[in-house]
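In this text, residue positions in the sequence shown follow numbering that gives the first Met the number 0: the first is 0, and each later residue adds one.
Glycine included, every Cβ here is placed at the ideal spot set by N, Cα and C.
In this text the structure is predicted, and so the values were computed from the model without any measurement.
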Amino acid sequence: MVNGFDPNNMDGLDAALQDKIRKRRELLGPAYRLMYAEPVQISRGLGTKMWDAQGNEYLDAYNNVVSVGHCNPRVVEAVHRQMQTLCTHTRYVQDGILEFAAEIIPTFGAPIEHIMFTCTGSEANDLALRIAMHQTGRKGIIITSEAYTGNSFLTAGLSPSLGKNSPLGTWVRRIPAPDSYRVPPAQIAELLVRQVAHEIAELERRGEGIAAFIADSLFSSDGIYANPTNILQPITEFVHKAGGVVIADEVQAGFGRSGDRLWGFQRHGQTPDIVTMGKPMGNGFPVAAVAVRREVIERFGNEMRYFNTFGGNTVAIAAAKATFDVIRDDGLQQNAAHIGALIQNGLREIAAGDDRIGDVRGAGLYIAVEFVKNKATKEPDATTALAVVDELRKRRVLISATGYHANCLKIRPPLVFSESDVDRLLTQTRAVLSSI
Numbered sequence: 000m001v002n003g004f005d006p007n008n009m010d011g012l013d014a015a016l017q018d019k020i021r022k023r024r025e026l027l028g029p030a031y032r033l034m035y036a037e038p039v040q041i042s043r044g045l046g047t048k049m050w051d052a053q054g055n056e057y058l059d060a061y062n063n064v065v066s067v068g069h070c071n072p073r074v075v076e077a078v079h080r081q082m083q084t085l086c087t088h089t090r091y092v093q094d095g096i097l098e099f100a101a102e103i104i105p106t107f108g109a110p111i112e113h114i115m116f117t118c119t120g121s122e123a124n125d126l127a128l129r130i131a132m133h134q135t136g137r138k139g140i141i142i143t144s145e146a147y148t149g150n151s152f153l154t155a156g157l158s159p160s161l162g163k164n165s166p167l168g169t170w171v172r173r174i175p176a177p178d179s180y181r182v183p184p185a186q187i188a189e190l191l192v193r194q195v196a197h198e199i200a201e202l203e204r205r206g207e208g209i210a211a212f213i214a215d216s217l218f219s220s221d222g223i224y225a226n227p228t229n230i231l232q233p234i235t236e237f238v239h240k241a242g243g244v245v246i247a248d249e250v251q252a253g254f255g256r257s258g259d260r261l262w263g264f265q266r267h268g269q270t271p272d273i274v275t276m277g278k279p280m281g282n283g284f285p286v287a288a289v290a291v292r293r294e295v296i297e298r299f300g301n302e303m304r305y306f307n308t309f310g311g312n313t314v315a316i317a318a319a320k321a322t323f324d325v326i327r328d329d330g331l332q333q334n335a336a337h338i339g340a341l342i343q344n345g346l347r348e349i350a351a352g353d354d355r356i357g358d359v360r361g362a363g364l365y366i367a368v369e370f371v372k373n374k375a376t377k378e379p380d381a382t383t384a385l386a387v388v389d390e391l392r393k394r395r396v397l398i399s400a401t402g403y404h405a406n407c408l409k410i411r412p413p414l415v416f417s418e419s420d421v422d423r424l425l426t427q428t429r430a431v432l433s434s435i
């Protein structure tokens with residue numbers, strides 16, 4: 000795991016923390032992971048800040064789950080009020096789910112007409128892929144090289160970012176990430192369309208055919224590539240010609256995070272058949288969704304049925320609606336654009352005087368800083384990137400790392416990040432780079 004804690008290296012931790020880590024392993028088993036060389040024990044959060052058991056304050060520049068800030072009072076109140084009133088499933092007629100659906104569906108634009116609710120982004124992507132396979136009668140899926148689509152059996156099979164020990168499905172094909180640092184941006188779209196064409200031909204040759212192409216428009220696990228934005232629509236058109244379904248994975252890129260658009264796929268002028276959402280939708284409450292074209296869901300809906308006991312329950316919808324209202328009412332998409340530009344500008348100033356930084360890139364509040372051993376060869380430097388992550392953690396600023404080589408800082412704060420938060424992030428980053 001990128002930026003993962005090694006439980007065999009606890010000698011430098013205090014006795015109480017070591018005891019808690021041992022208990023985690025005893026009670027929760029070995030599959031769980033902790034972040035950072037020195038794990039953080041968090042007791043509470045508010046806005047962009049979190050506090051440990053000793054009352055030390057941390058700046059959260061990583062957590063997109065709480066998109067409108069930790070313990071946002073409007074979301075908390077909406078969930079509390081609805082929990083006191085009713086919590087039940089979607090097999091009863093209710094107003095809340097209809098009101099929220101009517102609000103969010105128009106934001107996707109044509110041809111999206113329906114929305115179905117799940118609990119997690121993994122479930123949303125799993126359902127989207129099931130719909131695509133049922134619609135096309137095929138199994139072949141094309142993803143980007145280091146994609147993460149979820150942890151269900153199906154989605155784990157097309158999540159190479161889970162590591163080499165997590166097998167990919169035999170029906171899965173990968174195309175390269177749109178590496179704008181190493182490939183001339185004007186060549187990327189043509190290169191990837193050519194690769195998609197090759198993989199579709201390979202799938203057809205093996206009797207699978209293309210069911211779906213799925214991509215996160217910020218290519219988060221691939222290393223965060225926000226530009227150029229002429230990549231996904233040409234791929235979409237090619238996949239459609241081959242009879243496949245196109246899925247826009249908005250779990251990371253959606254809900255205004257990119258700053259210039261509410262949904263990441265809209266930056267590319269893309270017209271997907273299905274849009275999936277997850278983590279940020281309920282500000283920490285487990286709610287997610289699949290939005291879909293009428294023609295793509297029609298066969299699945301007539302021949303199958305969908306039900307999820309907790310997906311779209313009354314409390315989940317209250318959380319989602321309150322979160323969506325805060326994003327729009329408080330101008331958080333605009334804040335993401337403004338604050339993200341400040342962060343990137345500050346990081347580029349730092350990079351101008353530091354040969355270890357090869358590239359600074361991103362959109363809105365999703366930013367990568369790529370470390371290299373040599374700017375001429377652009378050889379990845381994961382050691383420095385992970386050292387920066389851990390040193391920032393010691394200074395109580397939380398970020399992570401991403402990319403195939405784990406050499407890119409992942410800066411992905413809540414949408415309520417402020418100018419003072421930017422100053423703290425940049426100040427501590429300068430101090431860390433001076434110290435390592």
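C-alpha gap between A335 and G402, whole angstroms: 22 Å
Outcome for R137 when other beta-carbon atoms lying within 10 angstroms are tallied against a minimum of 16: buried
Extent of the continuous beta strand (DSSP E) to which D248 belongs: V244 to D248
C-alpha gap between H79 and T89, whole angstroms: 19 Å
Status (buried if at least 16 other CB within 10 Å, exposed otherwise) for A15: exposed
Alpha-carbon to alpha-carbon, Q232 and T428: 36 Å
Cutoff 7 Å; reference T322; Cβ partners in own chain excluding five residues on either side: S66, V67, V74, M280, G281 and N282
Minimum Cβ-Cβ distance from S399 to chain B less than 8 Å: No chain B is part of this structure, which consists of one protein chain only.
Three or more C-beta pairs below 8 Å linking the stretch 238-255 and the stretch 42-53: no
Nearest to H404 (by Cα), restricted to the options S144, I96 and A381: A381
Inter-stretch contact (C-beta, 8 Å, three-pair minimum) for the stretch 361-380 and the stretch 194-211: no
Residue of K409, A287 and T143 minimising C-alpha distance to I230: T143
Spatial distance of L424 from G339 (CA atoms): 12 Å
G352: CB within 7 Å of a non-hydrogen atom of the ligand NAD: This structure lacks the ligand NAD, and indeed carries no ligand of any kind.
Within 8 Å, strictly: CB atoms of F116 and A288: yes
Three-state secondary structure assigned by DSSP to G435: According to the sequence provided, residue 435 is Ile. The question's Gly does not apply to it. Note: I435 maps to coil in three-state DSSP.
Exposed unless 16 or more other CB atoms sit within 10 angstroms - verdict on M132: buried
Neighbourhood of Q343 by C-beta, 7 Å cutoff - its chain only, sequence neighbours within 5 removed: V359, G361 and I366
DSSP-derived helix/strand/coil call for L128: helix
Inter-residue Cα distance where the pair is I234 and G255: 23 Å
For R32, the nearest candidate out of F284, I20 and I104 (CA to CA): I20
Short Cβ contact (8 Å threshold) for S216 with H267: yes
For H79, the three-state DSSP class (helix, strand or coil): helix
Nearest candidate by alpha-carbon position, reference S257, set R43, T228 and Q332: Q332
Those runs of the beta strand (DSSP E) which lie wholly inside the stretch 268-343 and span at least 3 residues: 273-276 and 287-292
C-alpha distance - A176 paired with A101, whole-angstrom precision: 35 Å
Under 8 Å between C-beta atoms of I316 and I111: no
In DSSP terms, what V92 is bridged to: According to DSSP, V92 bridges with nothing at all.
Status (buried if at least 16 other CB within 10 Å, exposed otherwise) for K409: buried
The beta strand (DSSP E) enclosing E112, as first and last residue numbers: I111 to T117
Inter-residue Cα distance where the pair is R260 and A225: 12 Å
Same chain only: Cβ atoms within 6 Å of R355, ignoring 5 sequence neighbours per side: F370 and T383
Nearest residue (CA-CA) to R292, options T148, S158 and V245: V245
Residue from R205, S151 and V396 whose Cα sits closest to the Cα of R129: S151
Backbone CA spacing between Q40 and N55 [nearest angstrom]: 10 Å
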